[in-house]
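Residue numbering for the sequence shown follows this note's numbering, beginning at 200 and increasing consecutively.
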Amino acid sequence: MRNLNHVSLYAFTARAIHSQVAIIGGGTAGLNVSAQLVRDGHYIPQQIRVFEPYKMHAYQTGWTLVGGGMCKADQTMKPMEKVLPKNVCLSDCPVVKIDPEQNTIVTMDGQKYTYDQLIVASGVQRDYASIKGALEQLNNPEAPVGSIYYYRYAQKIDKMIREFEGGKLIFSEPPTKCEGIPSNIVFLTHERLSARNVKCDFHVYKANDSIFGIPKYSEILGELAHEKGLHCHLKKRLIEVQDHKVIFEDVETKQQYTSDYDFLHIVPPQKPAAFIAESGLGDSDGYVNVHPNTLQHVRYANVWALGDCSSLPTSKTAAAVMAQTPILIKNLIRTWKMKLPPLPEYEGYTSCPVYTSNKKVLLAEFKYNKQLDETFPVFQSSDSKLMYLMKKHFFPFAYWQLMVRGLWGGRDGIRLFKGV
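Here is the structure:
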């Protein structure tokens, strides 16, 4: 398996390289945007440049299944050249600076690029280092500490579950914009250990003040947790990891709590790339400051953002990206080519499928202001086998076979017709 952290640096030219559309990030958001721009005929591929330092594209949602023992890590990754639209320009040196006043991007090797339209889709960075001692334990093959947020640590979690013989399990979760993923590994771990009749004491520590941010789903998941004997501790943030010992802090009182563990899963704090704030594009938290309904930057009309790096106040998921992409593209074309104002069409739709076992999924769908926005209401009042089949089998197919070709419209289905 190729190293996801490998970065190639190339010699640069003195002359700035121009692209009509620059996309920073080749993850789910960047890939989806580039694929739909090309498929819909808005630009020829050579007019688009994607900045992505990683050689492998990862279906990161699949790392939950890796940790849950339901698939192998190599099934979640493909080389960038296999998924990027043909003839789209690719720069694999990391972006270090954007000058939105001069429409300029600078990469780590000093090369300058210019653009007419900029789409920031750089995702977020996993900040394990902000938890004292976390990386030391995660990188220690003998320590019972893992995480589904990085494929190597997800592989470790799978091994930990297979070899676990009983004791206290702790699952930590910082303030997060996607509450579905952390719950997945809790329920999948419980399912696997219960099948082996392993005696366990489950404890879930969440920095948020509820099990799930949407009351309906919080109640359903709370009942399931109670039925399965899972102990939930709210408003508790992990601040330090030691050998078989953790320290939590109450997010309000700052009082600290110490606990032993035999199994620890860590959800890392996440943060946007530093160049966003340093370039003057960020909000107070460093996320690209865009209008919540148009996805256009609040100050720079030719700058756009979607996905995890954006300031959009909704849960950060692949489903949200699928809903955001066509709206971003429509507004980009309207404002640039047609000289029309952007349309405020994005209402915050997102989806968080939660594995409640290795046979059922609770599909949570909602939009801004915690309003439900369900596609299959009759199947979303409890966990469902049908939702499991969609999540486990159809969604990966749609990702690898449809999304990368610009054909997947999320809950709108296959894009049979071109966009704007």
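We put the CB at the ideal spot given by N, CA and C, even for glycine.
Asked	Found
Using alpha carbons as the reference points, say which of 439, 434, 464, 446 lies closest to residue 452.	434
Given residue 404, which residues of its chain have a CB within under 6 Å of its CB, disregarding the five upstream and five downstream residues?	371, 432, 435, 447
Out of 565, 430, 270, point me to the one whose CA is closest to residue 377's CA.	565
By Cβ distance, which residues of its chain are closer than 6 Å to residue 400, with the 5 residues on each side in sequence left out?	367
Whole beta strand (DSSP E) runs in the stretch 539-611 with 3 or more residues, listed along the chain?	549-554, 560-566
Taking all protein chains shown into account, do 16 or more other C-beta atoms lie within 10 angstroms of the C-beta of residue 426, making it buried, or fewer, making it exposed?	exposed
Looking only at its own chain, which residues have a Cβ that is under 7 Å from the Cβ of residue 524, when we skip the five neighbours before and after it?	231, 232, 235, 505
Less than 7 Å between C-beta atoms, sequence neighbours within five positions excluded: which residues of the same chain meet that for residue 552?	379, 560, 562, 586, 590
Measuring alpha carbon to alpha carbon, tell me which of 228, 309, 336 ends up nearest residue 318.	228
Work out the CA separation of residue 283 and residue 254 for me, nearest whole Å.	11 Å
Please classify residue 206: does DSSP put it in a helix, a strand, or coil?	In this prediction, residue 206 has a pLDDT of 44, which is less than 50 and means its spatial position is unreliable; what the coordinates show is noted afterwards. Residue 206 falls in the coil class under three-state DSSP.
If I follow the unbroken beta strand (DSSP E) through residue 478, where does it start and stop?	Per DSSP, residue 478 belongs to no beta strand (DSSP E) and is neither H nor E.
Three or more beta-carbon pairs under 8 Å between the stretch 437-445 and the stretch 591-606, yes or no?	no
I'd like to know whether the C-beta atoms of residue 218 and residue 243 end up nearer to each other than 9 Å.	no
For residue 645, which option in 517, 535, 514, 477 has the closest C-alpha, if you only look at C-alpha atoms?	Not covered by the structure: residue 645. The range shown for the chain is 200 to 619.
Between which two residues does the alpha helix (DSSP H) holding residue 411 run?	That residue, residue 411, is in no alpha helix (DSSP H); it is neither H nor E in DSSP.
Rounded to whole angstroms, what is the Cα-Cα separation between residue 357 and residue 280?	29 Å
Check for me: the beta strand (DSSP E) holding residue 221 runs from which residue to which?	216-223
By the three-class DSSP mapping on this structure, what secondary structure does residue 291 have?	coil
In or out: residue 516 buried (at least 16 other Cβ within 10 Å) or exposed?	buried
Within 10 Å of its beta-carbon, does residue 355 have 16 or more other beta-carbons around it, so buried, or fewer, so exposed?	buried
Assign residue 422 to buried or exposed, taking buried as 16 or more other Cβ atoms, counted over all protein chains shown, within 10 Å of its Cβ.	exposed
Skipping 5 residues on each side, what residues in its chain have a beta carbon closer than 8 Å to that of residue 588?	none
With three or more beta-carbon pairs closer than 8 Å as the criterion, would you say the stretch 405-413 touches the stretch 531-546?	no
With DSSP as the reference, label residue 529 as helix, strand or coil.	helix
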